[in-house]
Amino acid sequence: QMRPDGTAIDENPAPDAEEYFATALLFASHRWGNGKGIYDYRKEALSLLDVMKNRKSITGTVNAGKRKATLVSLFNTEHKMVRFTPDTDNFSKNGDHTDPSYHLPAFYELWAVWGPEADRAFWAEAAKVSRDYFVKTTHPKTGLAPDYANFDGTPKAASWDAGTANFRYDAFRTA
81 QMRPDGTAID ENPAPDAEEY FATALLFASH RWGNGKGIYD YRKEALSLLD
131 VMKNRKSITG TVNAGKRKAT LVSLFNTEHK MVRFTPDTDN FSKNGDHTDP
181 SYHLPAFYEL WAVWGPEADR AFWAEAAKVS RDYFVKTTHP KTGLAPDYAN
231 FDGTPKAASW DAGTANFRYD AFRTA
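One rule links them: number in this note's numbering = place in the sequence shown (from 1) + 80.
See below:
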């Protein structure tokens, strides 16, 4: 995310973007085949999927060296759900949680077929978990999801904005 002057607001990923990148690369592989180097779409997709799920903890500086951060994988493997952020500093302030709009079970079903063989069972289960999660996290009367939620489906008010427990900007993608 960038400011109008080109400086970074946050150098951490938004996990839904990586989900779309990996899926687009897999579709490109199946549509046009694979070339060499960065044009080997399948290899690039499998590499991305591997680090999305299996990345080991890494510590370094972010925001132009202004802050030290420890990042982990984009998926919580215990809950089999995409995280809101891989930044453990955010966990200490807000707990490890998710964004319902980041849940893309149709993608996970494709990854269970086309993704790294070692992780295919995980992706198949993640698809099921995400579909079940939509039922848990949506309001029983309105059917609307909150922007952020805990892994049990309850709305999550972020430390910087209590409104994230409501249906807003991110949650529009779930309606």
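Every residue, glycine too, gets a C-beta built ideally from N, C-alpha and C.
- For the pair phenylalanine 231 and histidine 183, the CB atoms are not nearer than the 8 angstroms cut-off.
- Taking 8 angstroms as the upper bound for CB-CB distance, tyrosine 228 and threonine 244 are in contact here, some 4 angstroms apart.
- Counting of Cβ neighbours within 10 angstroms places serine 181 among the buried residues, the total reaching 16 or more.
- Three or more Cβ pairs closer than 8 angstroms define a contact, and the segment 86 to 97 falls short of that threshold against the segment 112 to 123.
- Secondary structure of threonine 139 (DSSP, three-state): strand.
- For leucine 151, there is no enclosing alpha helix (DSSP H); the residue is found in the beta strand (DSSP E) stretching over 147 to 151.
- In this structure, alanine 251 sits near leucine 224, with a CB-CB distance shorter than 8 angstroms.
- Cβ-Cβ separation between alanine 204 and alanine 192: approximately 4 angstroms, consistent with a contact (criterion under 8 angstroms).
- Within the same chain, and ignoring the five residues on either side of alanine 102 in sequence, the residues whose Cβ sits closer than 6 angstroms to its Cβ are Ala125, Leu128 and Leu129.
- DSSP lists Ala229 as the bridge partner or partners of proline 235.
- Per DSSP, reduced to three states, the secondary structure at alanine 94 is coil, with no helix or strand assignment.
- Residue state for phenylalanine 164 is assigned as coil, using DSSP reduced to three classes.
- The three-state secondary structure of threonine 222, taken from DSSP, is coil.
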